[in-house]
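> To get our numbering, take the position in the sequence shown, counting from 1, and add 93.
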Amino acid sequence: MGSKPVEVTLNGDQVTISGAERSVGGLLDNNVVSVTPGNYVAVDGSTIRQGEGTRCTAKVNGNDTDDMGMHLNGGDKIEISNGTDITEPYTDSEPQTLPHKTELKGVGAVHLYSNNAQDGEQVTRTGKESGITATVTTKEPVDNIVQYYNVNSNGDKVIALTFDDGPWDKQTDEILDILEQNDAKATFFTVGQCISGHEKELQRAASMGCEIGTHTWDHAKGSGEGVSLIKMSTDERKQEVQKGLEAIKNATGQEASTIFRCPGGNFDTSVATDLEGIVTAEIGWNVDTTDWKKPGADVIAQRIQSAGPGNIILMHDGGGDRSQTIEGLRQALPKLKEQGYSFITVQELLEKYPYQEGQTN
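1. State yes or no: is the beta carbon of Y242 nearer than 7 Å to at least one beta carbon in chain D?
2. Once the 5 residues before and after K342 are set aside, which same chain residues still bring their CB inside 8 Å of it?
3. For the stretch 103-120 and the stretch 129-140, state whether three or more C-beta atom pairs, one from each stretch, are separated by less than 8 Å.
4. Please name the residue or residues paired with T411 in a DSSP beta bridge.
5. Write down the C-beta distance between D367 and T327 rounded to the nearest angstrom, noting that I regard them as a contact closer than 8 Å.
6. Thinking C-alpha only, which one of D157, L254, G317 is nearest V439?
7. CB-CB under 6 Å to N379, same chain, minus the five flanking residues each way: which ones, in chain order?
8. To which residues of the same chain is Q286 closer than 8 Å at the C-beta, ignoring the five residues directly before and after it?
9. Within 10 angstroms of the Cβ of S139, are there 16 or more other Cβ atoms? Answer buried if so, exposed if not.
10. Measure how close the beta-carbons of L165 and S116 come, nearest whole angstrom, since I'm counting them as under 8 Å.
11. Using the C-alpha atoms, what's the distance from Q417 back to D384?
12. Quick check on the DSSP output: what are the complete alpha helix (DSSP H) runs of length 4 or more inside the stretch 352-391, in order along the chain?
13. Can you give the Cα-Cα distance for V153 and G144, rounded to whole angstroms?
14. Is the stretch 316-332 in contact with the stretch 289-299, if contact means three or more CB pairs nearer than 8 Å?
15. Does DSSP classify C287 as helix, strand or coil?
16. Go to I268, then tell me how far its alpha helix (DSSP H) extends in each direction, as first and last residue.
17. Between the Cα of L197 and the Cα atoms of S186, V372, I179, Y242, which residue gives the shortest distance?
18. What would DSSP say about G213, mapped onto helix, strand or coil?
19. Going by the beta-carbon positions, is the gap between T230 and T217 smaller than 7 Å?
20. Measuring CB to CB, does I457 end up less than 7 Å from Y446?
21. From what residue to what residue does the alpha helix (DSSP H) around D81 run?
22. Going by DSSP, name the residue or residues bridged to I238.
23. Tell me which residue opens and which closes the beta strand (DSSP E) that N156 is part of.
24. To the nearest angstrom, how far is it from the Cα of F360 to the Cα of N208?
25. What is the DSSP secondary structure of S326, counted as helix, strand or coil?
26. With a Cβ-Cβ cutoff of 7 Å, do T351 and V372 count as a contact?
27. Would you call the CB atoms of G259 and E233 closer than 7 Å?
28. If you compare alpha carbons, which of V136, T147, P388 is closest to T219?
29. Locate the alpha helix (DSSP H) running through K445, then write down its first and last residues.
30. Give me, in chain order, the residues of the same chain whose beta-carbon lies closer than 8 Å to that of V108; leave out the 5 immediate sequence neighbours on both sides.
31. May I ask you to report which of helix, strand or coil DSSP gives T345?
32. Once DSSP output is grouped into helix, strand and coil, what is the label at A253?
33. Kindly give me the distance between the Cβ atoms of P402 and K250, rounded to whole angstroms, as I take these residues to be in contact under 8 Å.
The structure is reproduced here in structure tokens:
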């Protein structure tokens, strides 16, 4: 009964087989199909004995099989390809940590951490027959990807106003007044050492629904020369951000936002690596008012009004006289509001319009 000729599909071709050919091994023994067996290899992949791996790789009706005697029936779909190598027995050392890396990808104002990074593991593997040793990765690391992108609000008229270097005498409160008058929220990136004595301003901002994140403890003074975490050591970077976050919590009684802004926007792979687990995003800007240069209130207002849907605007409530910023904001917000714009926090912007894989804007 098993010798009756039947038609099967073999590697995509219709063939008729019969008798001893009606098994996986029979197809090979009778040269219906020709493949190369795998080798018996050492732990480093070098060949110990040729041809002593698996005889072939086979699938019958989509299912893997290593049963060379499997009986084949009419209509079966069979795929047979070269065999695979068999590795000699071995022993492994205790696993060693294989650190993950940090990679900055893309272009844009938002620099969002993937937050799923994991270290991998590797062992020293010793072949019991060959005595050869090899370093083998047993668990691949998952890298920390910091995705750069610009928010795509799908045309929704939303803007994130951001203010750096405060809180500051009177100025922060004046800005909060203007925000209140325009049903607006903003994100304040505070300098930690400026918070003492200005707790009420931050408490007011928080009660209005504003977001409060850190701009570091002292704007990267000392080795950072007042402008750059890049120039600082790992410990200094962490202290700058952690102290800044703690100062916010102490002032408001609430956890600070883990979205932050580097002094001067100076953010690179080394800074991103050191701050992993402390922050979830570093925020740049789409519109720089350059208000710190004091170009005049009208110019600042024009720059604010130049923002488009999903944009993040950079301004300052501290670090010096910001009367031009305040007046420019007073002029611009009502006009943007008349155009249908609303003003939300950076966190709200990121949550409402999350990054889409492959997004290029």
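No residue lacks a Cβ here, since even glycine has one placed at the ideal position from N, Cα and C. Owing to the predicted nature of the structure, the values given are computational and were not obtained by experimental measurement.
Answer, in terms of the structure:
1. As a matter of chain content, chain D is missing from the structure shown, which is built from one protein chain.
2. E348, A349
3. no
4. Checking the displayed sequence, the identity of residue 411 turns out to be Gly instead of Thr. In the DSSP output, where bridge partners are listed per residue, G411 has none listed.
5. 5 Å
6. L254
7. A202, N404, I405
8. W310, D311, A340
9. exposed
10. 6 Å
11. 7 Å
12. 362-367
13. 23 Å
14. no
15. helix
16. 264-274
17. Y242
18. strand
19. no
20. The first residue shown for the chain is 94 and the last is 454, placing residue 457 beyond what the model contains.
21. Within the shown structure, residues of the chain are numbered from 94 to 454, placing residue 81 beyond reach of any answer.
22. E196
23. 156-158
24. 17 Å
25. coil
26. yes
27. no
28. V136
29. 439-445
30. E100, V101, T102, V125
31. helix
32. strand
33. 5 Å
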